Structures are given as C-alpha cells and as structure tokens.
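*Asks:* Sharing a structure, written as structure tokens. Questions coming.
Numbering (my numbering), first residue to last: 2 to 290.
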C-alpha cells in the first residue's frame, strides 16, 4: 500500500500547494492514505475549522498538530469535533483531543497512527518513549500497519526514536524544523525512517517566514513580526510503501514538488507538468490566513 506523508503545511502558500498537488498525486500514485502535519496551516500557527475542511476536501485524510497545539482557540474547536486531527500523544491525558488513532482505508486496511512531541530544546511533554510503548500495546496485534510522527527539534532525539521503534512500526518520520533531511531509509527491522520531512510552504523565506523580518531580528535583537512568506511554495514529504500483511516498509522516497513542477524522488510514477495546474499556487486576495 502507498501512503503520502506531507511535512508541516505553512500558511496560505502551503495550503495551496496541498490543494494543487494532492488530488493529482492520489490519482497518479494510487495513494491509499494521505497524512499531513497541519500545525502551521493558519497564518503559520495552528488550524481553523475552515482550513481543516479545506485540506480534507483536497484529499488529506489525517492531520496532526505539534507544539502549536494550544496557540489558537480555533485549534481547540477543531480538536473537540474532529477525530482526524491529532495533538501530541505525550501531552497530559486530561488535555483536549487525542494523540493516537486507528483508521481504516477505503481498501479495508487498518492503520494505527500516533504523534508525539520531543523533549530536547522543547517543553511541556511527557516522555515520548514511554508514551509510544503504551499506545502500541493498545493497538493490538491485528493492526500491523503502524505509523509514528515525532515532532521534535533535535535530530539526535528523532534518530534515537527511530531506532527505538525499529521492527515495531512501519514508519517513523520527523517534523517541526521545516528543513527536509536526506536520510530516508528502511532500518534493518523493516521500519522506514526520515529525520524531517521539511515544510510544505514558501521556500523563499526563512523556514516559511518573510526574510526581511527574520534578518532584522537576528541583526538587531529587536522584536519583529514574522509573517508567512509567499513565494516558491513546495509540497515536501515522503511516499511510503508498506506490505499491508506484515506491516514492514518496502520503500520510502522523498517528495519535493514546487510550484513550477519541482522534484520527485527517483522511482516514482511520472507526474504531469505545471501547465496542468493553471493558477493553482497564485495567492488569492480573499483568503486572509
């Protein structure tokens, strides 16, 4: 089975990359399921009910939040109503929402999914290693396809987490830094791994924010408002292939698709060119987030 996993969707450019590419990818690559980190979807921080529906209509089946989970009231509204939006599992059990779910694809395959927050250079979360042990036990043996997100700052913590889960899950992928890594591989136990998917958003900026404001902050140490950048939007992530019977990953391939066509990792089915996406990534004036 084929699962597309999309890196942090940042603002309007990121959402427009999703709506431009995901319907095409579902058809061209015969995708069984699509997952996206959406914690930066609304003006760079959080998500709203409207934007959750927008990404769902584009073909995203499951969305996650990370360290921005509580930064917008809108996040709470969506978490209260939508089971297919997850917050980090290792927040307190009393927190709104859930950090794990078992879903079923249209083909009848059950997928266990969990998202967790790292603790190195971050705060507010319980031990991700202990938390994932508990949830994997709750999935049971009948759920063979298992996918885990680690939303973390430190590469070392993500890599350690991948090795910790090797042979126990189908895939461990990292998010949060907005910078794609080139270390995708299938570990010896059959677990696909990548340290960071990168962001789905504007690459002519500083991790999705306008360059001028970020440089002002760095060079003066004074306050600056970091608005979402607008140019050179890419969809970044991985295409995961899993044996639905054993749950072992058979391949993981990086995907980087830009507004001008962009790059798709070797071995992927051909895509039509950008001429088939007229105006898809032009920013619309009526959208305010």
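Glycine included, each C-beta is placed from N, C-alpha and C at the ideal position.
Quantities reported herein were computed from a predicted structural model and do not represent experimental measurements.
1) Can you name the start and end residues of the beta strand (DSSP E) that residue 175 belongs to?
2) Using 10 angstroms around the beta-carbon of residue 247, count the other beta-carbons present and answer buried if the total reaches 16, otherwise exposed.
3) Determine, using beta carbons only, whether residue 15 and residue 177 come nearer to each other than 8 Å.
4) Along the chain, where does the alpha helix (DSSP H) containing residue 78 start, and where does it finish?
5) If we count the other Cβ atoms within 10 Å of its Cβ and call it buried at 16 or more, is residue 149 buried or exposed?
6) Starting from the N-terminal side, write out each stretch of the alpha helix (DSSP H) that is 4 residues or longer and does not extend beyond the stretch 110-193.
7) Quick check on DSSP: helix, strand or coil for residue 276?
8) If we call anything under 8 Å between Cβ atoms a contact, is residue 6 one with residue 198?
9) In whole angstroms, what is the alpha-carbon distance linking residue 237 and residue 201?
10) Tell me whether residue 232 sits in a helix, a strand or coil according to DSSP, three-state version.
11) Would residue 21 and residue 40 qualify as a contact pair, given that the criterion is a beta-carbon distance under 8 Å?
12) Out of 91, 245, 231, which has the shortest C-alpha to C-alpha gap to residue 44?
13) For residue 34, which three-state DSSP category applies?
*Replies:* Checking against the coordinates, here is how it stands:
1) Position 174 of the chain shown, counting from 1, holds the residue named residue 175. Residues 172-176.
2) Looking up residue 247 in the chain shown gives position 246. Taking all protein chains shown into account, residue 247 has fewer than 16 neighbouring C-beta atoms within 10 Å of its C-beta and is therefore exposed.
3) For this step, residue 15 is matched to residue 14 along the chain shown. For this step, residue 177 is matched to residue 176 along the chain shown. Between residue 15 and residue 177, the C-beta spacing is not below 8 Å.
4) If you number the chain shown from 1, residue 78 lands on position 77. 74-82 is the extent of the alpha helix (DSSP H) around residue 78.
5) Position 148 of the chain shown, counted from the start, is the residue given in the question as residue 149. Residue 149 should be labelled buried.
6) Within the stretch 110-193, the complete alpha helix (DSSP H) segments of 4 residues or longer fall at 129-140, 156-166, listed in chain order.
7) As a working note, residue 276 is residue 275 in the chain shown. With a pLDDT of only 38 at residue 276, under 50, the local geometry of the prediction cannot be trusted, and no value is derived from it.
8) Counted from its first residue, the chain shown places residue 6 at position 5. Counted from its first residue, the chain shown places residue 198 at position 197. Contact: yes.
9) As a first step, residue 237 must be located in the chain shown, where it is residue number 236. As a first step, residue 201 must be located in the chain shown, where it is residue number 200. Spanning the two alpha carbons is a distance of roughly 5 Å.
10) As a position in the chain shown, residue 232 is number 231, starting the count at 1. Three-state result, residue 232: coil.
11) Taking the first residue of the chain shown as position 1, residue 21 is located at position 20. Taking the first residue of the chain shown as position 1, residue 40 is located at position 39. No, they are not a contact pair.
12) Taking the first residue of the chain shown as position 1, residue 44 is located at position 43. It is 231.
13) Translated into positions along the chain shown, residue 34 becomes position 33. DSSP places residue 34 in strand when its eight states are reduced to three.
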